[in-house]
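In our numbering, the protein residues as written are 521 to 688. Here a beta-carbon is modelled for each residue, glycine too, at the ideal position from N, C-alpha and C.
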Amino acid sequence: MFDFSASKNSRLKEGIVYFNGAASLTSKNGGSGSLIFAENDVFNVKYKASFIKGETTNNLAEYDSLINALIMAIRGDNLLILQQQKGIYRVSQKYLIPFLLESEGNYIYNCVWTHVTRDMNQAADYLSKIALNEEQNYTNESQDTPKEIIEETLNYLQDDIQAFTYCS
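Below, the structure is given as structure tokens:
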């Protein structure tokens, strides 16, 4: 899993998390995209695009991205997972229960869970699909991540923030 900080005590006090997952019906593989940044500093962002090999559903990929990114404030375009985290919906697929428990064990209790539409979650969507399509893992801290991916992710993130701010 992705470690956004050196220790639990050094976590951001105010932060935003975006997450998204994708799965392929043909290959059965998945991808997840996770971003976290300080609320007032979009350029101080950490993100991860993760390739998930084999027997992955979209919801499993969504949970992978959530677990990778959980810290303080959550915005995601999967209402089912958000409602399950809030305890409003139950988890009916037994294979997702360990992921629910792991994600619940990782977040800080003062989380604000916010459902956003897909047009406000483009950066995480982009990362999940790039990992799935290229069968690669990427982070903005890796020397191997192509410059185009870093730039495109930041462009999408700026659009997401602008769209969310406009709607708030």
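- Residue Asn653 holds the alpha-carbon nearest to the alpha-carbon of Ser544 among Asn653, Thr673 and Ala683.
- Ile587: member of the alpha helix (DSSP H) spanning Asn578 to Ala589, first to last residue.
- In this chain, the alpha helix (DSSP H) harbouring Tyr646 covers Gln642 to Glu654.
- A straight line joining the alpha-carbon of Leu586 with that of Gln663 spans about 24 Å.
- A distance below 8 Å separates the beta carbons of Asp597 and Asn540.
- A residue is called buried when at least 16 other Cβ atoms come within 10 angstroms of its Cβ; Asp680 meets this threshold and is buried.
- Our two residues, Gly535 and Thr546, have alpha carbons roughly 36 Å apart in a direct line.
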